[in-house]
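Trainee:
Below is the structure:
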């Protein structure tokens with residue numbers, strides 16, 4: 001992980017599930033567009049498989065999970081791998097707050113689903129900023145951690 | 001509360017034995033004063049997925065057997081809930097407004113939908129299934145679904 005990337009994002013795997021797709025889209029938006037300098041994506045599958053790099057990233061940095069549904073696979077698997085989840089989000093909760101954004105589609109989301117992913121990503125980005133302040137010394141320095 | 005269980009593929013469904021079931025998966029539990037509490041079966045809630053919103057007809061609404069008494073919006077679908085008992089809605093589970101997930105977490109308990117003052121419970125009961133008969137109904141549905149895969 002780059003030294004100034006201080007927060008790890010772990011989305012659920014939810015293959016074949018619309019809410020899983022929203023989860024991953026939200027994660028990509030945070031890491032690629034909203035907070036590219038302070039976040040890094042870790043694949044849940046790599047973590048479960050015991051990939052050393054993935055485990056190190058989650059061990060050394062605050063971790064945010066994004067789950068599609070109440071099964072909360074991402075949150076549970078991070079915890080069962082022996083790590084702590086700093087913040088957790090679910091697509092279901094985001095949808096409850098934005099009923100007009102009913103996601104549909106799996107390989108590609110409808111416009112409402114894309115909007116829901118963006119709204120969720122913005123919530124996650126705010127959490128990233130909060131965590132970066134709480135954990136200023138976990139990987140580097142920037143204006144927030146000075 | 002006692003349960004029957006049915007396992008199909010990787011899914012296990014529970015059926016409370018103290019109540020009756022509409023074939024579409026709504027349970028009816030007779031209580032005092034000719035009132036009947038209703039809710040979704042474990043099979044129905046698992047089949048429909050996580051509940052995002054639950055809307056129950058307000059107190060005072062009169063419903064006939066099979067008419068819509070509630071609707072739920074899940075991550076999979078919008079689901080119409082037919083009443084398993086005719087009568088007047090006298091109580092609505094207000095907790096579902098803020099915690100609709102109770103339907104998934106505790107379908108036979110805190111996830112109840114409404115209480116209805118029955119107009120002819122004996123007639124309605126004759127149209128419902130007991131737990132064992134509902135298990136068989138679910139087995140048929142589940143096996144049909146498995147064949148489609």
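Chains as they are written, first to last, in my numbering: chain A, 1 to 146; chain B, 1 to 149.
Glycine residues also receive a C-beta, built at the ideal position from the N, C-alpha and C atoms.
Given the structure is predicted, the values throughout are model-derived calculations rather than measurements.
Look up residue 78 of chain B in the DSSP assignment and give the residues it is bridged to.
Mentor: For residue 78 of chain B, which the question treats as bridged, DSSP gives the partners B/73.
Trainee: Give a yes or no on whether the minimum CB-CB distance between residue 55 of chain B and chain A is below 9 Å.
Mentor: Answer no: the Cβ-Cβ gap between residue 55 of chain B and chain A never drops below 9 Å.
Trainee: Over the uninterrupted alpha helix (DSSP H) stretch that includes residue 19 of chain A, give me the two end residues.
Mentor: Note, residue 19 of chain A: alpha helix (DSSP H), 18–28.
Trainee: Residue 113 of chain A by DSSP, collapsed to three states: which one?
Mentor: Three-state DSSP puts residue 113 of chain A in a helix.
Trainee: According to a CB-to-CB cut-off of less than 9 Å, which residues of the segment 61–79 of chain A neighbour chain B?
Mentor: Cβ contacts with chain B: 68, 69, 70, 71.
Trainee: Unbroken alpha helix (DSSP H) runs of length 4 or more, entirely within the segment 29–109 of chain B: which are they?
Mentor: You should have 42–48, 95–98, 102–105.
Trainee: Anyone know if the C-beta pair for residue 94 of chain A and residue 30 of chain A falls short of 9 Å?
Mentor: Taking 9 Å as the Cβ cut-off, residue 94 of chain A and residue 30 of chain A do not qualify as a contacting pair.
Trainee: With burial defined as no fewer than 16 other Cβ atoms inside 10 Å of the residue's Cβ, what is the status of residue 39 of chain B: buried or exposed?
Mentor: So residue 39 of chain B ends up on the buried side.
Trainee: If you count every other CB in all the chains shown that lies within 10 Å of the CB of residue 111 of chain A, and 16 or more means buried, which is it?
Mentor: So residue 111 of chain A counts as exposed.
Trainee: Out of B/106, B/5, B/94, which one is the CA nearest neighbour of residue 56 of chain B?
Mentor: Here the closest residue by C-alpha is B/94.
Trainee: Can you tell me the Cβ-Cβ gap for residue 67 of chain A and residue 57 of chain A, rounded? I've got them flagged as a contact below 8 Å.
Mentor: Not confirmed; about 19 Å, so no contact.
Trainee: For residue 15 of chain A, does the count of other Cβ atoms within 10 angstroms reach 16, so buried, or fall short, so exposed?
Mentor: Exposed is the call here.
Trainee: Is residue 92 of chain A close to chain B, meaning its C-beta is less than 9 Å from at least one C-beta of that chain?
Mentor: Output row for residue 92 of chain A: interface = yes.
Trainee: Between residue 99 of chain A and chain B, is any beta-carbon pair separated by less than 9 Å?
Mentor: Yes - at least one Cβ of chain B is within 9 Å of the one on residue 99 of chain A.
Trainee: With DSSP run on the structure shown, which of helix, strand or coil describes residue 9 of chain A?
Mentor: Strand.
Trainee: Please tell me whether residue 38 of chain A and residue 132 of chain A are closer than 9 Å, where the distance is taken between their beta carbons.
Mentor: Yes.
Trainee: Return the residue from the list B/30, B/41, B/32, B/76 that minimises the CA-CA distance to residue 15 of chain B.
Mentor: Among B/30, B/41, B/32, B/76, the Cα nearest to that of residue 15 of chain B belongs to B/41.
Trainee: Between which two residues does the beta strand (DSSP E) carrying residue 90 of chain A extend?
Mentor: First-last of the beta strand (DSSP E) with residue 90 of chain A: 87–90.
Trainee: With hydrogens ignored, establish whether the beta-carbon of residue 101 of chain A is closer than 8 Å to any heavy atom of the ligand NAP.
Mentor: With respect to the ligand NAP, the structure shown offers nothing to examine, as it has no ligands at all.
Trainee: State the start and end residues of the unbroken alpha helix (DSSP H) segment that holds residue 134 of chain B.
Mentor: Unbroken alpha helix (DSSP H) run through residue 134 of chain B: 131–148.
Trainee: Short check: CB of residue 124 of chain A to CB of residue 89 of chain A, under 9 Å?
Mentor: Yes.
Trainee: For residue 27 of chain B, list the residues DSSP reports as bridge partners.
Mentor: The partner list for residue 27 of chain B (beta bridge, DSSP) reads B/21, B/39.
Trainee: State buried or exposed for residue 104 of chain B, treating a residue as buried only when at least 16 other CB atoms are found within 10 Å of its CB.
Mentor: Residue 104 of chain B should be labelled buried.
Trainee: Cα separation between residue 141 of chain A and residue 63 of chain A?
Mentor: Caution applies to residue 141 of chain A, whose pLDDT of 41 falls short of 50 and renders its modelled position unreliable; the model cannot decide the point.
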